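Quick note, the sequence shown lines up with residues 234 to 619 if you use the numbering used here.
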Amino acid sequence: MTGIKSERLQSIDFLRGMVMIIMALDHTRDYFNIINFDPTDYTQGDTWLFLTRWITHFCAPVFVLLAGTSIGLMEATKSKADICKFLITRGLWLIFVEMVIITFGWAFNFNFITMQVIAVLGFSMLVMAALIWLPRWFIAAFGVVIVFGHNALDYGIFPISGMGSPAPLWHALHNPIFTTDFGWPTYIAYPALPWIGVMPLGYILARIYEPNTDAAWRRSFLVKLGVGIIFFFIALRATNLYGDPTPWKQEETWVHTLLSFINGQKYPPSLLYLAMTLGPALIILSYAEKWRGWLYDATVTLGRVPFFFYVLHIYLIHVAAMALAEFQGVGWKALAGGFWAAPSNYGLPLWGAWLVWIGIVAVLYPACKWFAGIKARRKDWWLSYL
């Protein structure tokens with residue numbers, strides 16, 4: 234594609250890199266600030282803990298949306314047959330990576346399998362491999378219907394199984410579960426159904442990034458669309474009628490009331506959760522076309538190698554946590570099996586986890602810059618899978 238590194242496409246890499254950095258914050262907090270309750274439960278934690286977790290809600294929706302946009306941009310240089318083949322092989326590869334490489338990174342064992350954002354990207358790509366052959370209006374309608382309609386499953390249309398009990402396959406399409414039905418203990422944190430509606434919308438969004446699109450119009454469109462989605466979130470959330478299974482409520486303080494209002498459900502991602510995160514993301518995507526500077530360039534670099542960053546950051550965080558456990562006298566083995574096994578006398582305060590997070594990103598940046606350079610200079614087919 235002509236001008237592949239133009240401002241309009243650098244803005245996509247910037248947004249992707251930004252949410253990669255934010256994502257690392259959440260995983261660092263998991264391993265270094267040990268708590269025994271949901272960090273978005275503001276009745277047990279404080280506002281800073283809530284916001285540290287809440288800001289990371291933006292990551293998965295942006296990952297999936299921009300993956301769809303990247304697929305749409307491929308159409309300028311590849312045939313549909315080539316794109317379909319790529320989506321099938323890349324999708325299966327990502328599912329394998331989640332089940333083996335990422336699972337091992339989290340726990341350094343295979344006592345169970347995790348199915349999280351990498352796997353849901355893979356499943357969504359498999360669906361997109363079929364959708365790209367269909368008219369664009371159908372692809373758009375498919376995404377809209379799923380994103381807007383999947384919360385209807387929260388209201389008894391289909392029964393829901395509990396997190397701790399085995400469940401049939403179809404339950405796993407919409408509900409996070411821990412199940413042994415698939416022959417091995419499996420934790421499905423990201424049920425596929427809600428997410429496969431987001432990627433097609435990103436695919437449609439790619440149309441505004443075609444080279445002949447007026448840049449000023451595109452930026453204006455993104456801002457208007459983002460603001461419209463935010464107002465949609467506020468209006469529908471205020472009603473408590475639909476779009477999220479957990480209603481907000483009036484709390485004793487206005488701060489807690491606000492936190493209740495913005496505390497959308499991530500597992501599975503509700504309509505309001507997606508609106509709350511994607512609306513601001515689109516506005517950032519617009520303004521990012523004009524931003525410059527060393528921090529912008531560094532973030533763009535990370536956004537060009539998201540898979541590389543994702544895999545490395547999990548292993549680095551886990552090893553660093555084991556080193557801290559050894560330093561604190563609880564022994565590295567206490568953290569080897571995952572942060573959920575950490576003893577009560579291990580860990581750092583929240584501000585300490587923030588400092589570790591900054592260090593993790595700083596340590597990974599040189600490796601990411603090196604690999605981004607390789608991807609820019611070489612066109613080996615296997616590099617598109619990393």
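No residue lacks a Cβ here, since even glycine has one placed at the ideal position from N, Cα and C. Please read all numbers here as calculations on a predicted model, not as lab measurements.
1. Any idea if Tyr264 is buried or exposed, counting beta-carbon neighbours within 10 angstroms, 16 or more meaning buried?
2. Is it the case that the Cβ atoms of Ile379 and Pro427 are separated by a distance below 8 Å?
3. Could you pull the DSSP bridge partners for Thr490 from this structure?
4. With a cut-off of 8 Å on the beta carbons, I'd call Ala605 and Leu545 a contact; round off their distance for me.
5. My parser needs the alpha helix (DSSP H) runs of 4 or more residues fully inside the segment 428-512; what are they?
6. Based on Cα-Cα distance, which residue from Gly459, Leu504, Lys499 and Ala448 lies nearest to Asn473?
7. Could you tell me the alpha carbon to alpha carbon distance between Gly250 and Val533, rounded to whole angstroms?
8. Determine, for Arg369, whether the minimum Cβ-Cβ distance to residues of chain B falls below 8 Å.
9. Going by DSSP, name the residue or residues bridged to Phe411.
10. Near Asp387, what residues of its chain come up, given a Cβ to Cβ distance below 6 Å and the 5 sequence neighbours on each side ignored?
11. Just to confirm, is the Cβ distance from Gly512 to Ile441 under 8 Å?
12. Judging by CA-CA distance, which residue of Asp259, Val295, Leu354 and Leu258 is the nearest neighbour of Tyr618?
13. Using only the alpha-carbon positions, how far apart do Gln243 and Trp524 sit?
14. Contact check, Tyr420 vs Val350 under 8 Å by CB: the rounded distance?
15. By Cβ distance, which residues of its chain are closer than 7 Å to Thr372, with the 5 residues on each side in sequence left out?
16. Between the alpha carbons of Val252 and Ala609, how many angstroms are there, rounded?
17. Reducing DSSP to helix, strand and coil, say where Thr310 ends up.
18. Could you check whether Trp565 and Ala553 sit closer than 8 Å to each other, using their CB atoms as the reference points?
19. Please tell me whether Trp518 and Val431 are closer than 8 Å, where the distance is taken between their beta carbons.
In short:
1. Mapped onto the sequence shown, residue 264 falls at position 31. Under a 10 Å Cβ-count criterion, Tyr264 is classified as buried, with 16 or more other Cβ atoms of the shown protein chains found around its own Cβ.
2. Counted from its first residue, the sequence shown places residue 379 at position 146. Counted from its first residue, the sequence shown places residue 427 at position 194. Yes, the Cβ-Cβ distance between Ile379 and Pro427 is below 8 Å.
3. Translated into positions along the sequence shown, residue 490 becomes position 257. In the DSSP assignment, Thr490 is bridged to no other residue.
4. Indexing the sequence shown from 1 puts residue 605 at position 372. Indexing the sequence shown from 1 puts residue 545 at position 312. Not confirmed; about 13 Å, so no contact.
5. Counting whole runs of 4 or more residues, the segment 428-512 contains the alpha helix (DSSP H) stretches 431-438, 448-472 and 487-495.
6. Residue 473 sits at position 240 when you count from the first residue of the sequence shown. Residue Leu504 is the option with its Cα nearest to Asn473.
7. As a first step, residue 250 is located in the sequence shown; it is residue number 17 there, counting from the start. As a first step, residue 533 is located in the sequence shown; it is residue number 300 there, counting from the start. In a straight line, the C-alpha of Gly250 is about 6 Å away from that of Val533.
8. Absence of chain B from the displayed structure is noted, only one protein chain being present.
9. In the sequence shown, the residue the question calls residue 411 occupies position 178. DSSP output for Phe411 lists Tyr420 as bridge partner(s).
10. Locating residue 387 in the sequence shown gives position 154, where the first residue counts as 1. Here Asp387 has Pro478 as same chain residues with Cβ atoms under 6 Å from its own Cβ, once five neighbours each way along the sequence are excluded.
11. For the purposes of this step, residue 512 is identified with residue 279 of the sequence shown, where counting begins at 1. For the purposes of this step, residue 441 is identified with residue 208 of the sequence shown, where counting begins at 1. Contact check for Gly512 against Ile441 fails: the beta carbons are separated by 8 Å or more.
12. Indexing the sequence shown from 1 puts residue 618 at position 385. Considering only alpha carbons, the answer is Leu354.
13. Position 10 of the sequence shown, counted from the start, is the residue given in the question as residue 243. Position 291 of the sequence shown, counted from the start, is the residue given in the question as residue 524. Going from the Cα of Gln243 to the Cα of Trp524 covers about 10 Å.
14. Sequence index remark: in the sequence shown, residue 420 carries index 187 (1-based). Sequence index remark: in the sequence shown, residue 350 carries index 117 (1-based). 13 Å between Cβ atoms; not a contact.
15. Counting from one through the sequence shown, the residue named residue 372 turns up at place 139. According to the sequence provided, residue 372 is Ile. The question's Thr does not apply to it. Here Ile372 has Leu364, Pro433, Tyr436 and Ile437 as same chain residues with Cβ atoms under 7 Å from its own Cβ, once five neighbours each way along the sequence are excluded.
16. Here residue 252 refers to the residue found at position 19 of the sequence shown. Here residue 609 refers to the residue found at position 376 of the sequence shown. Whole-angstrom Cα-Cα distance: 22 Å.
17. In the sequence shown, counting from the first residue as 1, residue 310 sits at position 77. It is coil, neither helix nor strand.
18. The residue you call residue 553 lines up with position 320 of the sequence shown. The residue you call residue 565 lines up with position 332 of the sequence shown. No, they are not a contact pair.
19. Here the question's residue 518 lines up with position 285 in the sequence shown. Here the question's residue 431 lines up with position 198 in the sequence shown. Note that residue 518 is Leu in the sequence shown here, rather than Trp. No, they are not a contact pair.
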